[in-house]
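I have placed the structure first, in the form of structure tokens, so that the comments after it can refer back to it.
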Amino acid sequence: MRSFDFTPLLRSSVGFENLNRLVDAATRGEGNAYPPYNIEKLGDDAYQISMAVAGFAEEELDVTVHENVLIVTGRVAEREEDASREFLHRGIGTRAFERRFELADTIKVTGAGYANGLLNIELTREIPEEKKPRKIAIGSNPAPKAIDAHNDDDREAA
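Numbering (the working numbering), first residue to last: 15 to 172.
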């Protein structure tokens with residue numbers, strides 16, 4: 015059940031079509047919390063996602079970016095169980111998973127590393143030059159010319 019109506023906002027904005035989908039996903043919450051992860055802000059434009067993937071080998075993990083969605087998957091390869099081991103408690107999960115993260119248009123995945131049971135994914139905010147603030151020089155131009163709507167209509171008719 016959605017409790018937010020973004021229709022008025024969407025009428026006066028451009029490019030926010032996925033806002034409804036993002037809010038719906040956020041309000042639904044995570045049904046599956048496996049594997050656990052952290053999202054850290056390392057600097058003004060640097061982020062890191064750390065995911066606890068103990069029990070997975072590096073070749074069983076896959077990190078993909080597709081249309082501003084970061085997809086992390088873990089596939090369990092067929093392993094032969096050691097018959098000599100007897101578990102009293104088995105709490106280290108090794109089940110397959112897929113975790114998705116929505117990325118803003120300016121966020122780029124710059125790398126990933128795996129060490130000590132943690133998958134670390136590095137992200138950077140890269141703002142294109144045309145979107146960065148720029149200083150506009152103020153010159154000493156003469157006063158702007160007044161537009162005479164009546165004369166403009168006469169010129170168009172001619």
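Beta carbons: idealized from backbone N, C-alpha and C, even for Gly.
- Per DSSP, reduced to three states, the secondary structure at residue 112 is strand.
- Counting C-beta pairs closer than 8 Å gives fewer than three between the region 139-146 and the region 71-80, which falls short of the contact rule.
- In this structure, the beta-carbon distance from residue 67 to residue 137 does not fall below 8 Å.
- In the DSSP assignment, residue 84 forms a beta bridge with 79 and 115.
- Check the Cα spacing between residue 106 and each of 121, 90, 53 and 114: the tightest is with 90.
- Distance from the Cα of residue 122 is smallest, within the candidate group 50, 154 and 62, for 62.
- If the five residues before and after residue 82 are omitted, its C-beta is found closer than 6 Å to the C-beta atoms of 117, all from its own chain and listed in chain order.
- Less than 8 Å divides the Cβ of residue 112 from the Cβ of residue 85.
- Pairing residue 88 with residue 115 gives a Cβ-Cβ distance that is not under 8 Å.
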